[in-house]
Amino acid sequence: MIPKNIFMFWKGKRSILVNVCLERVKKLHPGFKIEVLDAPIEKVHGYDLLSVQHQSDWVRICAIEKYGGVWLDATCFLIKPVTEWVNMINTRLQGFSAPFSDECLENWAFAAPQNNELVRVWKQKFKSAIEIGFDKFKHDNKHLQKNHPILDHMPYLTMHGCYVFASKMTNMKALMKKSCDGPFQYLCRKGFDTDKAVKSLINTDHITTPFVKFRGAEHAYLQGSPYILFLFLFKHHYVSGIELLSIYSTLFFLFLLVTIYFMVTAFF
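The numbering of the sequence shown is the working numbering, which starts it at 55 and goes up by one.
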């Protein structure tokens, strides 16, 4: 069985969107233990040299391997509980396939029991990748899956590659749903055009997928477009007074900057 644990990761100040996503996770999961991590639970040489994104990759694989449960990126906007896509009594690794390959597991949302064998090997491969460097790891392991599309997405998606290699080595596969039918549906339908995809969410009355996964590009877009963020939250989330104040303050500041710019250019 999969324990009722939900792990997430965030370092630094949380954005409005991240706070909303975390709030929704808590609201939808009474009885679950929810933990937002910001440091590794297991040491690995080279961790401090990794980007925050890849540090998060190491944290997530260690947490799920050691404790079991569900991993969610902090920018997963939940519509329904994780039990909509996780079979809690199943003993296999579960998640979503990448848009570019049905054999590649996405790492922004997955679940597994404690000490799952495939997760253990996946973690071992990723540990090796961190220790020797992502470029060398790709070179040394590409023979395991020649011509696999994941190779075109490495080194950034090295953790994804480690899953592909671990699956090949163990002859085991995760149970995967198509991400383009789920959390990436809004992106796939708009050719991964961030502007069009996000606005399509605003223009729909009901999001029919269990959750929406905002990538870094969409998170940055919403951060830089407070009015768009307001419209999205107004449509699909109860907006608290504090959230409204933060959004309005940002809009007012931007208005002041634009006004000052035009005043200065007109003067000169």
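We treat Cβ as the ideally placed atom computed from N, Cα and C, and that holds for glycine.
If you're wondering where the values come from, they're calculated on a predicted model, not measured in any experiment.
inquiry  = Quick check on this structure: which residue in P264, F219, Y210 has the alpha carbon closest to the alpha carbon of D194?
reply    = Here residue 194 refers to the residue found at position 140 of the sequence shown. The option with the nearest alpha carbon to D194 is F219.
Buried/exposed call for E272, threshold 16 Cβ in 10 Å = The sequence position of residue 272 within the sequence shown is 218, counting from 1. With 16 or more Cβ atoms within 10 Å of its Cβ, E272 is classed as buried.
query = So what does DSSP say about W176, is it helix, strand or coil?
reply = If you number the sequence shown from 1, residue 176 lands on position 122. Note: W176 maps to helix in three-state DSSP.
key: Option nearest M343 by Cα separation, candidates I261, L287, M226, F180   = In the structure as shown, the chain starts at 55 and stops at 322, and residue 343 therefore has no counterpart that could be examined.
message = Please state whether the Cβ-Cβ distance between K67 and I115 is less than 7 Å.
response = Translated into positions along the sequence shown, residue 67 becomes position 13. Translated into positions along the sequence shown, residue 115 becomes position 61. Not in contact: K67 and I115 (Cβ atoms no closer than 7 Å).
ask   = Ordered along the chain, which non-local residues of its own chain (more than five positions away) have a Cβ less than 7 Å from that of G122?
value = By 1-based counting over the sequence shown, the position of residue 122 is 68. Closer than 7 Å at the Cβ level, and outside the excluded window around G122, lie I56, P57, N59, A166, P167, Q168.
query = Can you tell me where the alpha helix (DSSP H) with S149 in it begins and where it stops?
reply = Walking along the sequence shown from the start, residue 149 turns up at place 95. Note that residue 149 is Gly in the sequence shown here, rather than Ser. G149 -> not in any alpha helix (DSSP H); beta strand (DSSP E) instead, spanning 148-152.
query = Given 8 Å as the limit, is there contact between the region 253-266 and the region 130-144, that is, 3 or more CB pairs closer than that?
reply = yes
request  = Can you give me the Cβ contacts of K227 inside the same chain, cut-off strictly under 6 Å, excluding the 5 residues immediately before and after it?
outcome  = Looking up residue 227 in the sequence shown gives position 173. The answer, listed in chain order, is S221.
message = Can you give me the C-alpha to C-alpha distance between N144 and E171, rounded to a whole angstrom?
response = Locating residue 144 in the sequence shown gives position 90, where the first residue counts as 1. Locating residue 171 in the sequence shown gives position 117, where the first residue counts as 1. Whole-angstrom Cα-Cα distance: 14 Å.
request  = Within its chain, find whatever has a CB closer than 8 Å to the CB of M62; leave out the 5 residues flanking it on each side and keep chain order.
outcome  = Taking the sequence shown and counting its residues from 1, one reaches residue 62 at position 8. Here the set comprises L76, V79, I88, E89, V90, L91, W125, L126, D127, A128.
key: Integer-rounded CB distance, given that I204 should sit under 8 Å from S155   = By 1-based counting over the sequence shown, the position of residue 155 is 101. By 1-based counting over the sequence shown, the position of residue 204 is 150. Confirmed, about 6 Å.
query = Mind checking whether M213 and G149 have CB atoms under 7 Å apart?
reply = On the sequence shown, residue 213 is found 159 positions in, with the first residue counted as 1. On the sequence shown, residue 149 is found 95 positions in, with the first residue counted as 1. No, they are not a contact pair.
request  = Find the nearest neighbour of C130 within the set A163, G100, V113, judged by alpha-carbon distance.
outcome  = As a working mapping, residue 130 is identified with position 76 in the sequence shown. Here the closest residue by C-alpha is A163.
inquiry  = As a quick exercise: from F188, L198, K253, V173, pick the residue whose alpha carbon is nearest that of L104.
reply    = Along the sequence shown, read from residue 1 onward, the residue named residue 104 stands at position 50. Out of F188, L198, K253, V173, F188 has the C-alpha closest to the C-alpha of L104.
request  = Between the Cα of Y210 and those of I261, S110, G85, A274, spot the shortest distance and give me the residue it belongs to.
outcome  = Within the sequence shown, residue 210 is the residue found at index 156, counting from 1. Y210 has its Cα closest to that of S110, out of I261, S110, G85, A274.
query = What separation, rounded to the nearest whole angstrom, lies between the Cα atoms of S151 and R174?
reply = Within the sequence shown, residue 151 is the residue found at index 97, counting from 1. Within the sequence shown, residue 174 is the residue found at index 120, counting from 1. Cα-Cα distance, rounded: 19 Å.
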